[in-house]
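For the sequence shown, position 157 matches number 157 in full-length UniProt numbering, and the numbering has no gaps at all.
Working notes for the structure below.
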Amino acid sequence: MAGGAALWAVGLILIVTLALTSIVSMYDKGLHSLARQRGVPAAATAGSPAAVAEPSSTSTLAWLEDRLTRLRFDDRVADAMSSEAAVSRDAGPVERIQTIAPADAPPTQSAAIAQDGPARAVALAPAAAAAADVDMSAFGKDLSEALVARFASWDKMVIVSFVNAHYMDFCRNWVRHLRAAGNRHFLVGALDDQAYTQLRAANVPSFDMAASLTTRDFGWGSKVFKQAQQKKIAMFLAVLQMGYSALLSDIDVMYLRDPFAFFRSVPDAQLLISSDLLTSTVTDEGPERPNGFGATLNVGIIYMRPSNATIALTTEWNSMCSKNLDFWEQAAFNSLVRRGMHYAPPRALDAATAAVARPYADRLVGMYTNGAIRTGVLPVGTFCSGHTAFVQNLPKTLGQKAYALHATFQFAGTNGKRHRMREWMVWEDEPIYYDPPNGLLALELDPPEELMRPGGRPPSTVQQHFALVNWQLSRIRSALVIAELTGRALIMPRLWCGFDRWWAPHDGRIPGSRMALPIQCPLDHVFNIEQGLRPERIREHSLLLNPLTPAGVLGSQFNLTLPAPLTADGVRAALQLKAAKRAKVLRVVSLGPEVFHAALTATEQQGFMRRAHNYLGIWCCIRPLARGKPGHIWYDLFWDILPHKDRWGHEWTEAEPWLPRPSK
């Protein structure tokens, strides 16, 4: 009997093994067949700078797996951004089915590929999987026509950007996203030797801009910042003069879809550019309508097709900015391109005319001298600014998938840009970021309805805005105390703000925006993560939803309820529980504002207050009470602790409790 069972088991193992072998073989043949259909790069003309070796079976598989196994998680991001309890949701991987055609395929080939069936998108590949297709050692240091020709698309389009050593992590993410979107037609200019060395070492298509600028943060508006902007214009002009259509992109733009698909859909446009417009004029994915041209045109995403007029405009732009570094290149461009602007209201077309009309031709406006350049504004619902994406979540509202996210409209410098990308799960960090050695602390907040909708209505006063934010701050303060006691990094909760933030007085919404209040606000609306709260001490609210967070972290969580009444000994004893110490994620349940007093000695309280005074930023702005007086109001992490002195030395007491008012 036992012998029969053993024989049966051996037979079953053999059957399974043969089946798996057959499946692997079919998969291998299928991938190679698909490679032939999908245009895996073949050898170029021998001796040319663009020559590439015929891919081996191993590199073919790698190429296809790189194409077919990357996550485009726009749906997941949109869902996470609209959920009020995102951190507590299951973080299992989400897949989206889509068809990905090689960006360099001509239209007929793309159509054939689309009939092939969908490709499965899974996780954003780690850096090691994103190796370039071409050995960059074959090219010189300069921006040459041979280099552009090698990386341009079949219809002569190329993306150009620029970076210095300080922004290399932005560049890595920029490159990963473009490759994941199926676009490898890009070049990155290096503004310093260190950046050039790193780009070439990573085999990123790149060249030396011979700028010799700082390796540190430029600082917006600084002399170095303006020098870098002038260099980028010269780079852009050079590519146009070579006869190529070019997308000039800032490095803090993350592309979630191949932008070339959009550009090809507007064949009559000679210039397509992003905008600081805050309300979309369209509900489809075409360019904004002519009534959307009033807002500032943002040169962080600008696409031109080469023509006498576009080259003349770019030449004049380059000359203006190189002669006077006091010019802000965006303001200079807006001034130039609006000269001679010709706008005629769209007219109704009869059926016969409409049948042969070019796509979106009625949305283009003649700009520059004599209206010579047919210009379109990129849709702000899919080519998103930092406001239409991270504050309004306009792609979700419109039911669309973003092409690009640009980290503008934010208030915490480079750190603020990173954090916003992290909140939307479009930023890849090193593995230790998702699994820090001392673990993570998670806090969930659910503000009371009377603060979210005072009197059953949206917040309508500065006082109501601060009442909502301050309720959250007192509990985040408690979590920061526990994070210090345990050495854990705090997963910041999703923040709710009664009012938006801007650089000028407003009544709760930036003029031109229409979103409902209150809003789920980015962390930099409230916290000073540029110079105060160190980024390494915190994590974004969406961390436990991110596919890059290891399963071992997600599966090691402990819910901790602090003992009542709270005492220093009781809090510390609870934090020393074996289960609490062993868990990679410690969730603190029902955390109130009293931990600061209960868990810390008087000396520890003073030390924490000194460290935390700079953790918060400002809200801006009310209309100044008098000329020359400030209109912004500083947040105060200790607003409810009386007495206490704020960062400016003003003492708040029981007789004079904290109020939201500008500093004197």
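Virtual Cβ for every residue (Gly too), placed ideally from N, Cα, C.
Remember, predicted model here, so these are calculated numbers, not experimental data.
By the 10 Å Cβ neighbour count, where 16 or more other Cβ atoms means buried, how is residue i classified, buried or exposed?
i: residue 250; result: buried
i: residue 432; result: exposed
i: residue 589; result: exposed
i: residue 229; result: buried
i: residue 342; result: exposed
i: residue 650; result: exposed
i: residue 386; result: buried
i: residue 507; result: exposed
i: residue 142; result: exposed
i: residue 439; result: buried
i: residue 472; result: buried
i: residue 153; result: buried
i: residue 639; result: buried
i: residue 449; result: exposed
i: residue 584; result: buried
DSSP three-state call for residue i: helix, strand or coil?
i: residue 228; result: helix
i: residue 327; result: coil
i: residue 361; result: helix
i: residue 646; result: coil
i: residue 561; result: strand
i: residue 246; result: strand
i: residue 298; result: strand
i: residue 384; result: strand
i: residue 293; result: coil
i: residue 374; result: strand
i: residue 233; result: helix
i: residue 193; result: helix
i: residue 209; result: coil
i: residue 508; result: coil
i: residue 654; result: coil
i: residue 471; result: helix
i: residue 659; result: coil
i: residue 623; result: coil
i: residue 311; result: helix
Tell whether a beta-carbon distance below 9 Å holds between residue i and residue j.
i: residue 477; j: residue 595; result: yes
i: residue 279; j: residue 512; result: yes
i: residue 167; j: residue 252; result: yes
i: residue 459; j: residue 505; result: no
i: residue 389; j: residue 372; result: no
i: residue 463; j: residue 451; result: no
Please report how far the alpha carbon of residue i lies from the alpha carbon of residue j, in whole angstroms.
i: residue 574; j: residue 554; result: 22 Å
i: residue 468; j: residue 520; result: 12 Å
i: residue 631; j: residue 481; result: 31 Å
i: residue 494; j: residue 541; result: 6 Å
i: residue 420; j: residue 426; result: 9 Å
i: residue 411; j: residue 455; result: 31 Å
i: residue 528; j: residue 398; result: 31 Å
i: residue 643; j: residue 437; result: 37 Å
i: residue 308; j: residue 181; result: 32 Å
i: residue 73; j: residue 367; result: Reliability of the predicted coordinates at residue 73 is poor, the pLDDT of 36 falling under 50, and no value is obtained from them.
i: residue 179; j: residue 198; result: 18 Å
i: residue 24; j: residue 407; result: Bear in mind that a pLDDT of 38 at residue 24, under 50, signals an unreliable position, so the number given afterwards is only what the model happens to contain. The straight-line gap from Cα to Cα measures roughly 43 Å.
i: residue 196; j: residue 629; result: 47 Å
i: residue 187; j: residue 155; result: 16 Å
i: residue 177; j: residue 247; result: 16 Å
i: residue 370; j: residue 244; result: 24 Å
i: residue 526; j: residue 171; result: 27 Å
i: residue 327; j: residue 303; result: 21 Å
i: residue 434; j: residue 313; result: 46 Å
i: residue 560; j: residue 580; result: 7 Å
i: residue 297; j: residue 331; result: 9 Å
i: residue 522; j: residue 193; result: 35 Å
i: residue 381; j: residue 418; result: 21 Å
i: residue 151; j: residue 543; result: 35 Å
i: residue 557; j: residue 259; result: 40 Å
i: residue 164; j: residue 272; result: 26 Å
Quick one: is the Cβ of residue i within less than 8 Å of any heavy atom of the ligand SAH?
i: residue 363; result: This structure does not include the ligand SAH; it has no bound ligands of any sort.
Specify, as a first and last residue, the run of the beta strand (DSSP E) that residue i falls within.
i: residue 188; result: 186-190
i: residue 147; result: Careful: residue 147 lies outside any beta strand (DSSP E), inside the alpha helix (DSSP H) at 145-151.
i: residue 433; result: Unbroken run through residue 433 is the alpha helix (DSSP H), 431-434; no beta strand (DSSP E).
i: residue 254; result: 253-255
i: residue 262; result: First-last for residue 262: 259-264, but that is the alpha helix (DSSP H), not the beta strand (DSSP E).
Since residue i is in the alpha helix (DSSP H), which residue starts that stretch and which ends it?
i: residue 168; result: 168-180
i: residue 202; result: Element bounds for residue 202: n/a, residue is neither H nor E.
i: residue 162; result: Unbroken run through residue 162 is the beta strand (DSSP E), 157-163; no alpha helix (DSSP H).
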